[in-house]
Amino acid sequence: MKKHILIVDDEQPIRELCKELLEEEGYKITLAVDGQDALDKMDYDMFDLFLIDMAMPKIDGFELMKLIKQKQPLAVIVILTGFSSIDGAVKAVHAGAYQYLSKPINSEELFGVVKSGIQYSKDVTGTLQKAFEPGADTAHRNAPIILNGFSPEDKSDFMALGKVRKYEIDQDIPIGDENSGSIIIIESGEVSVWLSGTTIDYLQKGDSYGEESFILTGSTIVEMRAETAVKVIHFDRRKILDYFAYKGETLFKRFMINLVNSTFFKWRKAVQRIIMLKLVTGK
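Residues in the sequence shown are numbered from 88 upward in steps of one, following the numbering used here.
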């Protein structure tokens with residue numbers, strides 16, 4: 088399937104040039120003439136990458152980027168900018184844009200950034216989407232999503248922070264307090280997640296939970312139960328913070344992005360499950 092790119096620019100020659108170049112590379116292209124047009128098109132389609140102009144009337148590129156992220160938190164956004172707006176483009180990158188390109192457009196630079204951006208989108212969203220599909224094959228999901236982008240050494244060092252506990256079938260699994268830690272990762276077995284008496288998720292090897300309790304301490308409102316004999320790795324919040332104090336700010340930022348993304352997909356899945364149950368049972 089062709090990767091879908093939304094190009095947003097109020098200058099028709101720039102829109103058409105980018106469209107022509109990228110279609111020759113095999114991408115599917117949709118055009119938007121301004122920020123509102125782009126937001127409207129997002130209501131009817133999904134995009135793998137956004138290419139948006141920095142300087143546009145009404146909604147500029149920086150503001151549009153924030154609005155796109157509200158609709159699609161994992162959106163990969165490339166900013167187009169003239170020389171006079173480079174400072175703004177750098178600010179956008181710091182705020183979450185993937186990269187920026189200077190005008191006039193250089194075709195080789197455009198191809199390189201789009202190709203790497205599409206791959207980044209696939210790395211970030213592809214694994215998550217497969218992980219939450221009903222009946223998805225989980226045999227390959229040995230690396231927790233919250234460690235996406237970590238080197239093998241960093242993953243190993245992080246996992247060494249945890250304490251493994253065993254639980255028998257139907258036993259409750261604590262999470263979010265001082266004794267149980269703020270984040271868990273399933274080492275083996277299957278765990279069900281409950282909210283107000285409704286099962287909202289099932290966790291298997293490589294799955295994590297409790298990300299929101301790390302971001303907002305004491306925020307866990309779910310209950311967890313062992314569906315089989317399980318091994319669960321518990322991670323203490325203080326140890327995690329000490330780990331990143333040693334590893335550095337860059338890795339910590341990556342970890343926090345992973346937590347937010349993982350939390351978003353978990354709760355979206357939970358809402359979808361609750362809606363499906365309501366449709367089936369009428370309750």
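Backbone N, C-alpha and C define an ideal beta-carbon position, used for all residues, glycine too.
Keep in mind that this is a model prediction, so the values were computed, not measured.
Where residue i sits in the DSSP three-state scheme
{"i": "residue 318", "result": "strand"}
{"i": "residue 340", "result": "helix"}
{"i": "residue 259", "result": "strand"}
{"i": "residue 254", "result": "strand"}
{"i": "residue 295", "result": "strand"}
{"i": "residue 246", "result": "helix"}
{"i": "residue 98", "result": "coil"}
{"i": "residue 133", "result": "coil"}
{"i": "residue 106", "result": "helix"}
{"i": "residue 348", "result": "helix"}
{"i": "residue 199", "result": "helix"}
{"i": "residue 147", "result": "coil"}
{"i": "residue 88", "result": "coil"}
{"i": "residue 331", "result": "helix"}
{"i": "residue 238", "result": "coil"}
{"i": "residue 232", "result": "helix"}
{"i": "residue 192", "result": "coil"}
{"i": "residue 206", "result": "helix"}
For residue j and residue i, the rounded distance between their alpha carbons
{"i": "residue 251", "j": "residue 321", "result": "6 angstroms"}
{"i": "residue 143", "j": "residue 98", "result": "9 angstroms"}
{"i": "residue 220", "j": "residue 106", "result": "Unreliable positioning characterises residue 220 in this predicted model, as indicated by a pLDDT of 43, which lies under 50. A coordinate reading is not provided."}
{"i": "residue 311", "j": "residue 233", "result": "19 angstroms"}
{"i": "residue 341", "j": "residue 347", "result": "10 angstroms"}
{"i": "residue 225", "j": "residue 331", "result": "For residue 225, the pLDDT reaches just 40, beneath the cut-off of 50, and the residue's location in the model is therefore unreliable, leaving the point undetermined."}
{"i": "residue 242", "j": "residue 204", "result": "24 angstroms"}
{"i": "residue 222", "j": "residue 174", "result": "With a pLDDT of only 40 at residue 222, under 50, the local geometry of the prediction cannot be trusted, and no value is derived from it."}
{"i": "residue 291", "j": "residue 280", "result": "11 angstroms"}
{"i": "residue 293", "j": "residue 231", "result": "5 angstroms"}
{"i": "residue 109", "j": "residue 198", "result": "7 angstroms"}
{"i": "residue 329", "j": "residue 316", "result": "31 angstroms"}
{"i": "residue 201", "j": "residue 90", "result": "10 angstroms"}
{"i": "residue 168", "j": "residue 131", "result": "27 angstroms"}
{"i": "residue 111", "j": "residue 240", "result": "40 angstroms"}
{"i": "residue 344", "j": "residue 283", "result": "28 angstroms"}
{"i": "residue 92", "j": "residue 338", "result": "29 angstroms"}
{"i": "residue 289", "j": "residue 210", "result": "23 angstroms"}
{"i": "residue 138", "j": "residue 188", "result": "9 angstroms"}
{"i": "residue 114", "j": "residue 135", "result": "10 angstroms"}
{"i": "residue 253", "j": "residue 327", "result": "21 angstroms"}
{"i": "residue 245", "j": "residue 101", "result": "46 angstroms"}
{"i": "residue 255", "j": "residue 180", "result": "47 angstroms"}
{"i": "residue 324", "j": "residue 349", "result": "17 angstroms"}
{"i": "residue 127", "j": "residue 176", "result": "23 angstroms"}
{"i": "residue 166", "j": "residue 160", "result": "16 angstroms"}
{"i": "residue 262", "j": "residue 302", "result": "14 angstroms"}
{"i": "residue 271", "j": "residue 118", "result": "43 angstroms"}
Bridge-paired residues (DSSP) for residue i
{"i": "residue 186", "result": "165"}
{"i": "residue 288", "result": "280"}
{"i": "residue 140", "result": "167"}
{"i": "residue 117", "result": "93"}
{"i": "residue 275", "result": "318"}
{"i": "residue 112", "result": "Beta-bridge pairing links residue 112 to no other residue."}
{"i": "residue 310", "result": "281"}
{"i": "residue 270", "result": "322"}
With 16 other Cβ atoms within 10 Å as the buried cut-off, status of residue i
{"i": "residue 151", "result": "buried"}
{"i": "residue 353", "result": "buried"}
{"i": "residue 247", "result": "exposed"}
{"i": "residue 299", "result": "buried"}
{"i": "residue 259", "result": "exposed"}
{"i": "residue 296", "result": "buried"}
{"i": "residue 238", "result": "exposed"}
{"i": "residue 215", "result": "Confidence at residue 215 is low in this model, with a pLDDT of 47, below 50, so its placement is unreliable and the value that follows should be read with caution. Answer is buried; the Cβ neighbour count reaches 16."}
{"i": "residue 140", "result": "buried"}
{"i": "residue 227", "result": "Model confidence at residue 227 stands at a pLDDT of 38, short of 50, so the residue's coordinates are unreliable; what they give is reported in the following sentence. The residue is exposed, with fewer than 16 neighbouring Cβ atoms inside 10 Å."}
{"i": "residue 355", "result": "exposed"}
{"i": "residue 133", "result": "exposed"}
{"i": "residue 276", "result": "buried"}
{"i": "residue 308", "result": "exposed"}
{"i": "residue 335", "result": "exposed"}
{"i": "residue 319", "result": "buried"}
{"i": "residue 88", "result": "exposed"}
Is there contact here, the stretch 152-159 with the stretch 178-191, by at least three beta-carbon pairs under 8 angstroms? yes
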